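Inspection log for the structure reproduced underneath, given as structure tokens.
2 protein chains.
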Amino acid sequence: MKELFYSVTPLEELFVKLDKLDVSPPVVEVSVWDALGRVLAEDFRSPVNVPHFRRAARDGYAVVARDTFGAGEEKPVTLRVIGEVKAGDERSPRIGDRACVKVATGALMPEGADAVVMVEHAVEREEYVDVYRAVTPGENVVEEGRDIRRGALVVEKGRVLAPQDIGAIAATGVDKVRVYGRLRVAVASTGDELVAPGGELKPGKIYDVNSVTLVNAVRASGGEAVYMGVIRDSRELLLNALREALATCDVVVFSGGTSKGPGDAVPSALRDLGDLDFMIHGLAMKPGKPTAVASYKGKPVFMLPGYPTSALLSYYVIVDPYIRKWSHLPPCEGMEVKARAGVKIFSEEGRLEFKPVRLKVEGGEVRVYPAYTGSEAITTLSLTHGYIEIKASRSFIEQGEEVTVRLFRPLREIRGLEEESW
Amino acid sequence: MKELFYSVTPLEELFVKLDKLDVSPPVVEVSVWDALGRVLAEDFRSPVNVPHFRRAARDGYAVVARDTFGAGEEKPVTLRVIGEVKAGDERSPRIGDRACVKVATGALMPEGADAVVMVEHAVEREEYVDVYRAVTPGENVVEEGRDIRRGALVVEKGRVLAPQDIGAIAATGVDKVRVYGRLRVAVASTGDELVAPGGELKPGKIYDVNSVTLVNAVRASGGEAVYMGVIRDSRELLLNALREALATCDVVVFSGGTSKGPGDAVPSALRDLGDLDFMIHGLAMKPGKPTAVASYKGKPVFMLPGYPTSALLSYYVIVDPYIRKWSHLPPCEGMEVKARAGVKIFSEEGRLEFKPVRLKVEGGEVRVYPAYTGSEAITTLSLTHGYIEIKASRSFIEQGEEVTVRLFRPLREIRGLEEESW
Numbered sequence: 041m042k043e044l045f046y047s048v049t050p051l052e053e054l055f056v057k058l059d060k061l062d063v064s065p066p067v068v069e070v071s072v073w074d075a076l077g078r079v080l081a082e083d084f085r086s087p088v089n090v091p092h093f094r095r096a097a098r099d100g101y102a103v104v105a106r107d108t109f110g111a112g113e114e115k116p117v118t119l120r121v122i123g124e125v126k127a128g129d130e131r132s133p134r135i136g137d138r139a140c141v142k143v144a145t146g147a148l149m150p151e152g153a154d155a156v157v158m159v160e161h162a163v164e165r166e167e168y169v170d171v172y173r174a175v176t177p178g179e180n181v182v183e184e185g186r187d188i189r190r191g192a193l194v195v196e197k198g199r200v201l202a203p204q205d206i207g208a209i210a211a212t213g214v215d216k217v218r219v220y221g222r223l224r225v226a227v228a229s230t231g232d233e234l235v236a237p238g239g240e241l242k243p244g245k246i247y248d249v250n251s252v253t254l255v256n257a258v259r260a261s262g263g264e265a266v267y268m269g270v271i272r273d274s275r276e277l278l279l280n281a282l283r284e285a286l287a288t289c290d291v292v293v294f295s296g297g298t299s300k301g302p303g304d305a306v307p308s309a310l311r312d313l314g315d316l317d318f319m320i321h322g323l324a325m326k327p328g329k330p331t332a333v334a335s336y337k338g339k340p341v342f343m344l345p346g347y348p349t350s351a352l353l354s355y356y357v358i359v360d361p362y363i364r365k366w367s368h369l370p371p372c373e374g375m376e377v378k379a380r381a382g383v384k385i386f387s388e389e390g391r392l393e394f395k396p397v398r399l400k401v402e403g404g405e406v407r408v409y410p411a412y413t414g415s416e417a418i419t420t421l422s423l424t425h426g427y428i429e430i431k432a433s434r435s436f437i438e439q440g441e442e443v444t445v446r447l448f449r450p451l452r453e454i455r456g457l458e459e460e461s462w
Numbered sequence: 041m042k043e044l045f046y047s048v049t050p051l052e053e054l055f056v057k058l059d060k061l062d063v064s065p066p067v068v069e070v071s072v073w074d075a076l077g078r079v080l081a082e083d084f085r086s087p088v089n090v091p092h093f094r095r096a097a098r099d100g101y102a103v104v105a106r107d108t109f110g111a112g113e114e115k116p117v118t119l120r121v122i123g124e125v126k127a128g129d130e131r132s133p134r135i136g137d138r139a140c141v142k143v144a145t146g147a148l149m150p151e152g153a154d155a156v157v158m159v160e161h162a163v164e165r166e167e168y169v170d171v172y173r174a175v176t177p178g179e180n181v182v183e184e185g186r187d188i189r190r191g192a193l194v195v196e197k198g199r200v201l202a203p204q205d206i207g208a209i210a211a212t213g214v215d216k217v218r219v220y221g222r223l224r225v226a227v228a229s230t231g232d233e234l235v236a237p238g239g240e241l242k243p244g245k246i247y248d249v250n251s252v253t254l255v256n257a258v259r260a261s262g263g264e265a266v267y268m269g270v271i272r273d274s275r276e277l278l279l280n281a282l283r284e285a286l287a288t289c290d291v292v293v294f295s296g297g298t299s300k301g302p303g304d305a306v307p308s309a310l311r312d313l314g315d316l317d318f319m320i321h322g323l324a325m326k327p328g329k330p331t332a333v334a335s336y337k338g339k340p341v342f343m344l345p346g347y348p349t350s351a352l353l354s355y356y357v358i359v360d361p362y363i364r365k366w367s368h369l370p371p372c373e374g375m376e377v378k379a380r381a382g383v384k385i386f387s388e389e390g391r392l393e394f395k396p397v398r399l400k401v402e403g404g405e406v407r408v409y410p411a412y413t414g415s416e417a418i419t420t421l422s423l424t425h426g427y428i429e430i431k432a433s434r435s436f437i438e439q440g441e442e443v444t445v446r447l448f449r450p451l452r453e454i455r456g457l458e459e460e461s462w
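Going down the list, the protein sequences come from chains A and B.
Using the numbering used here, you'd call the opening residue of the first sequence number 41 and step up by one each time.
Using the numbering used here, you'd call the opening residue of the second sequence number 41 and step up by one each time.
Here it is, written out as structure tokens:
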């Protein structure tokens, strides 16, 4: 009998090799209006003091604090009102003893004044005001640079920018930030049987599911997907597509090409490129065994299996963590739950298996069930909630055994589960 | 003394009123290439069988199963090879007794064949093949409609589309899906003191932080932010801006306008629009007391305080949950952690307080500390990790007391915390 199985590499060995690649997106400048979720590429230090002038912190009267000493509800202190400053006014009068200036919150403080009496504690009578509560120097005044000192670190390199971070940057007047660009990831499917969604489907043809799935998955990983189209099973077309992908993108993700016999049409065609350094061809995992990973002058080329469920699960296990890492994004969605197996879950001994599973609440407890369908079914991942990892040494998981489920989506998006009962 | 404090409404009363609004985005059609994270607006049922023809599930030989009965490693069965079908070939020969067709994975099954012998279990000799393992009818064959039956529910209404859901839809050949449109949310800041980031800053002026922050926050909530610019403190300009916002958007979020004395310049100007139905003006919470919320012919108008920290915290507490709800998105980022207070945390008795806090790992435990700065500081939220809610009846949280922290960002994005130790 022919032996067509190639040697398989343990997943950890692939990870060690991928860890050595130095894939990094360029640093780009984006507007603060579009900076949500981007990763700051360098420490942001303030070019200015914020606020850059002394401001009133309350609506009221800017005073010399010592003029109000002794004031109380029974014995107000009377001051002369010599002007008014609104928020946004660019000038403020200078005040002397026993005078004050009416100010609005945020207004430029008058020179000479060192506190603000809140409007609630004062009664104005023509050009005078009765102050019913004493203030201390500095009370209700925001000093220059109180929020942010010139040169101070406002947001550190590597932070995923949230609205408040962008606001702190914008407060210094800066309207562009330097962030890591998105990794450009080429996505293509290979196979004579593939038709782009929306096209006409003759017998023998199927829709190209993987491109749509992987383009969206790359975006979910924080990358910029560059769709290269369906590539026919021709060595020349494959090579051209790979050359184009390598010329324009940082990472290449191909799927399929297992339709011509020994299951390595794509890898073997691509070996012809030369300089393509194969890290592995054949992975000790299920699904995903026919996976090949190579690099070309430091750029990773992932060749995933053609079955949609195998392709996407391999993507989640192998590609997603690295797109995130190279993009300086946090390692993953971090969505894991522990729960007990609802039935005995079988696995092939001798191969690390990633098994799609469903969650189900039974008697107030969440139970884990294997998918009804296998990796050849297109709907398997859409009908499941996540996957579990079954070690090569195990041939099954016992009913009732605790397993860790890596979720495809946050728990709150999974319907029919009463999260409260966990 | 003047009493300028308006009556305040408990948060729950506002929520009851907001719950009665029926804000809903239109249903829109998007390409499967751009459907990630969108919410499906109607059940998706398959218009076709998937696969729409009988396929070979393996590379090998399509046979009549009963012809192989009795085959074994010691006594192969010999069949005549009458043709070959590759994946994507639109025709397949008809086979009779003791004949077979070489097939690739995914190939159209020949009429008459009911199983596939894997290539690993066969040896080809010119026009014959020796089969070393018997197969049963249906073995290694994918029947028409096996993955998805015509008319079957593929993805249910309300699901937030993940790559695998989009893939399952694309497998049926459909390249557009009907999803909920994004809510259009008008964002504007009001105040004579405001200058757009990047502009020149004279004394008395400050950068408009809130617009940048809220535009990004609206996007984080799943809305489409429509920036209306800085509105000067003029009743006419405010009214014009509100009219424009209401004409073009589903939700309006204004901030500021508290600079002119009693703190309700914006709400009072907007009362002139007529038909603007005020739900509340003044909220029993800290920060966010000056908040006003109205509706105009069913469209919500949120008037948030001007201080950036107050504005954004009010947004997170009041606006974000409703943008998500109205958009049919899951209720929130769902990011909460329980941890103990590292120090006694003071609060104003009689007011529900949302206090920004920092997390810190001490002796392997996460502790909660209040922000160094108050709601007047622009950096408060950027320097904290989340906020806790302190009931109106409490004047402090005891050191060591357990509190629930609503996080601004996922834990994995917070540096310096060893998540393992939780």
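Idealized CB from N, CA, C, for every residue including glycine.
The structure presented is a predicted model; accordingly, all values stated were derived computationally and were not measured.
Once you ignore the five residues that flank residue i on each side, which residues in its own chain have a CB closer than 7 Å to its CB?
i        : result
A:ASP215 : SER71 and VAL72
B:GLY463 : Residue 463 of chain B falls outside the range modelled here, since chain B spans only 41 to 462, and no answer is possible.
Output yes or no for whether 8 Å exceeds the beta carbon distance between residue i and residue j.
i        : j        : result
A:PHE342 : A:ILE320 : no
B:LEU282 : B:VAL292 : yes
B:SER387 : B:ILE430 : yes
B:GLU284 : B:ARG380 : no
A:VAL79  : A:HIS425 : no
A:VAL156 : A:TYR101 : yes
B:THR253 : A:ILE206 : yes
A:LEU201 : A:GLY297 : no
B:LEU423 : B:VAL377 : no
B:VAL141 : B:GLY123 : yes
A:LEU401 : A:PRO410 : It should be noted that the sequence gives Val, not Leu, for residue 401 of chain A. Going by C-beta atoms, A:VAL401 is not nearer than 8 Å to A:PRO410.
If you drop the 5 nearest sequence neighbours on each side, which residues of the same chain put their C-beta closer than 8 Å to that of residue i?
i        : result
B:ASP317 : ALA334, SER335 and TYR336
A:VAL63  : LEU223, ASP290, VAL291, GLY338, LYS339, PRO340, TYR362 and TRP366
B:TYR247 : LEU234, VAL235, ALA236, PRO237, GLY239 and LEU241
Around the Cβ of residue i, are there at least 16 other Cβ atoms within 10 angstroms (buried) or fewer (exposed)?
i        : result
A:VAL194 : buried
A:GLU453 : buried
A:VAL56  : exposed
B:GLY136 : exposed
B:ASN250 : buried
B:VAL67  : exposed
B:ARG138 : exposed
A:TYR168 : exposed
B:SER433 : exposed
A:PRO177 : exposed
Within a Cβ cutoff of 6 Å, which residues of the same chain sit near residue i, ignoring the five residues on either side of it in sequence?
i        : result
A:VAL117 : THR108, ALA111 and VAL171
A:GLU393 : LYS326, SER387 and ILE430
A:THR413 : THR420
Answer yes or no: the CB of residue i versus the heavy atoms of the ligand FMN, is any distance below 7 Å?
i        : result
A:GLU389 : Questions concerning the ligand FMN fall outside what the structure shown contains, since it holds no ligand whatsoever.
Quick check on DSSP: helix, strand or coil for residue i?
i        : result
A:ARG380 : strand
A:GLY88  : According to the sequence as given, residue 88 of chain A is Val; it is not Gly. Looking at A:VAL88 - three-state DSSP - the assignment turns out to be coil, as it is neither helix nor strand.
B:GLU164 : strand
B:GLY284 : This sequence places Glu at residue 284 of chain B; Gly is not what is there. It is helical.
A:PRO18  : No answer is possible for residue 18 of chain A: the residues shown for chain A start at 41 and end at 462.
A:TYR3   : Past the edges of chain A, shown from 41 to 462, lies residue 3 of chain A, and the structure says nothing about it.
B:GLU388 : coil
B:ARG67  : Note that residue 67 of chain B is Val in the sequence shown, not Arg. In the structure shown, B:VAL67 sits in a strand (DSSP, three-state: E or B).
A:PRO116 : coil
A:VAL219 : strand
A:ASP59  : helix
A:GLY426 : strand
A:LEU316 : strand
Problem set entry | Three CB pairs or more closer than 8 Å across the stretch 238 to 250 of chain B and the stretch 84 to 94 of chain B | no
Exercise. Any contact of the stretch 183 to 194 of chain A with the stretch 91 to 102 of chain A, i.e. 3+ C-beta pairs under 8 Å?
Worked result: yes
For this session: Indicate whether the contact test is met: 3 or more Cβ pairs, each with one atom in the stretch 225 to 237 of chain B and one in the stretch 259 to 268 of chain B, closer than 8 Å.
Result: yes
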